[in-house]
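Student:
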Amino acid sequence: METKPTIYIISDGTGETASSMVRAGLVQFRNTDTNIVRCKNVRTNDQAEALVNEVFIKKGMIVFTVASPSLQNKIKEICSEKGVPAVDLLGPLLSTFANYFNLSNQGEEAGALRTVNERYFKRIEAIEYTVKHDDGKTTRALDDADIVLVGISRTSKTPLSIFLSHKGWKVANIPLVLNTPLPEELFTIDQRKVVGLIIDAEILFRIRRKRLEKFGQDPGNEYASKAHIQKEIDYALGIFSKNKRWPVFDVSDRALEETASEIIRVVATRMDLPYDALL
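Per the numbering used here, the sequence shown starts with residue 37, numbered consecutively.
If you want it as structure tokens, here you go:
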């Protein structure tokens, strides 16, 4: 039985970008039934060598995206020795950038690239953490968060979390549900990280009605009733008044970037971090 062709994606991050590009390319080869194997967080020569050896044995090919020039060269070198077909998606782009910005003529090039790599990995880790801790999915490792957002439904918790994660901040967000106790873990972590979100009742009423209409649901649902919304807001305000160490941000009619910037400024100040510590 003939073995199905396999493309191995090697990445120092999630491999999402490379995977998307590979799938886009395969559209041009509709009659080819191909396996795609994603190998994430590959950051050492030993990891790369082990993977290339595996691909060699299985007669696959490699598509890789790694930021480190030394690791790029190592993968190319081993693939060349083994005769494994390989495509470097990121290396040529970074090399062109280096030439364009004249980095190759600067003695600090290696240090500059190392700093870029560290920021890149930090951002990837922050995004992965934030996705796992969205909307109270889990409180495991809550103490690892840089920021914890707390608020009722439709106070921009998820959009703010994702926006902040792309700045390198690990963010967890926890929903405030009427008459439902908050997780105990929220009160055992460093309270300087916790931020409350509130919104004007009339604005929230309009947002929720539009959401229900968008999904073909009854806009008269209790979820969007003014009385229920006011109860939720009063409940949230009661929680915030009991936890006076939590700064509270009103997201009513504010741009996401504006709120995010203010949250970063306040949390960085409270944690004794420079404002741009994770930017």
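Don't be surprised by glycine CBs; every beta carbon is placed ideally from N, CA and C.
Since this is a predicted model, take the numbers as computed values, not measurements.
Give me the Cα-Cα distance between residue 221 and residue 231, rounded to the nearest whole angstrom.
Tutor: The residue you call residue 221 lines up with position 185 of the sequence shown. The residue you call residue 231 lines up with position 195 of the sequence shown. When rounded, the distance between both Cα atoms is 15 Å.
Student: Give the single residue among 65, 49 and 169 whose Cα lies nearest to the Cα of residue 100.
Tutor: Stepping through the sequence shown from its first residue, residue 100 is reached at position 64. Of the listed residues, the one whose Cα sits closest to residue 100 is 49.
Student: Could you have a look at residue 101 and say whether DSSP puts it in helix, strand or coil?
Tutor: Counting from one through the sequence shown, the residue named residue 101 turns up at place 65. Strand.
Student: May I have a chain-ordered list of the alpha helix (DSSP H) segments no shorter than 4 residues that lie completely inside the region 43-94?
Tutor: Qualifying alpha helix (DSSP H) stretches, in chain order: 52-62 and 81-93.
Student: So the candidates are 104, 228 and 257; which of them puts its Cα closest to the Cα of residue 241?
Tutor: Working through the sequence shown from its first residue, we reach residue 241 at position 205. Answer by Cα proximity: 257.
Student: Going by DSSP in three states, residue 223 sits in which element: helix, strand or coil?
Tutor: Taking the sequence shown and counting its residues from 1, the one referred to as residue 223 is at position 187. Three-state DSSP puts residue 223 in a helix.
Student: Is it right to say residue 207 is buried, meaning 16 or more other beta carbons lie within 10 angstroms of its own, or is it exposed?
Tutor: Counting from one through the sequence shown, the residue named residue 207 turns up at place 171. Buried: at least 16 other Cβ atoms inside 10 Å.
Student: In this structure, what does DSSP give as the bridge partners for residue 286?
Tutor: As a first step, residue 286 must be located in the sequence shown, where it is residue number 250. Answer is 234, bridged to residue 286.
Student: Are the region 97-114 and the region 62-82 in contact at 8 Å, needing three or more beta carbon pairs?
Tutor: Because the criterion of three Cβ pairs below 8 Å is met, the region 97-114 and the region 62-82 touch.
Student: Of the residues 226, 59 and 287, which one's Cα is nearest the Cα of residue 306?
Tutor: Taking the first residue of the sequence shown as 1, we reach residue 306 at position 270. Minimum Cα distance to residue 306 is reached at 226.
Student: How many angstroms separate the CA atom of residue 170 from the CA atom of residue 209?
Tutor: Translated into the one-based positions of the sequence shown, residue 170 becomes position 134. Translated into the one-based positions of the sequence shown, residue 209 becomes position 173. Rounded to the nearest angstrom, the two C-alpha atoms are 5 Å apart.
Student: Short check: CB of residue 126 to CB of residue 102, under 8 Å?
Tutor: Within the sequence shown, the letter at position 90 stands for residue 126. Within the sequence shown, the letter at position 66 stands for residue 102. It is a contact, given that the beta carbons lie within the stated cut-off.
Student: Write down the C-beta distance between residue 45 and residue 56 rounded to the nearest angstrom, noting that I regard them as a contact closer than 8 Å.
Tutor: Working through the sequence shown from its first residue, we reach residue 45 at position 9. Working through the sequence shown from its first residue, we reach residue 56 at position 20. Going by Cβ atoms, the distance from residue 45 to residue 56 rounds to 10 Å, so no, they are not a contact pair.
Student: State yes or no: is the C-beta of residue 235 within less than 8 Å of the C-beta of residue 197?
Tutor: Numbered from 1 along the sequence shown, position 199 holds the residue referred to as residue 235. Numbered from 1 along the sequence shown, position 161 holds the residue referred to as residue 197. Contact flag unset, no.
Student: Going by DSSP, what residue range makes up the beta strand (DSSP E) through residue 211?
Tutor: Here residue 211 refers to the residue found at position 175 when the sequence shown is read from its first residue. That run of the beta strand (DSSP E) goes 207-211.
Student: Find out if the Cβ-Cβ distance for the pair residue 186, residue 212 is shorter than 8 Å.
Tutor: Translated into positions along the sequence shown, residue 186 becomes position 150. Translated into positions along the sequence shown, residue 212 becomes position 176. Their beta carbons are under 8 Å apart, which means residue 186 touches residue 212 by this criterion.
Student: With respect to the beta strand (DSSP E) encompassing residue 124, which residues constitute its N-terminal and C-terminal limits?
Tutor: As a working mapping, residue 124 is identified with position 88 in the sequence shown. Its beta strand (DSSP E) spans residues 122-124.
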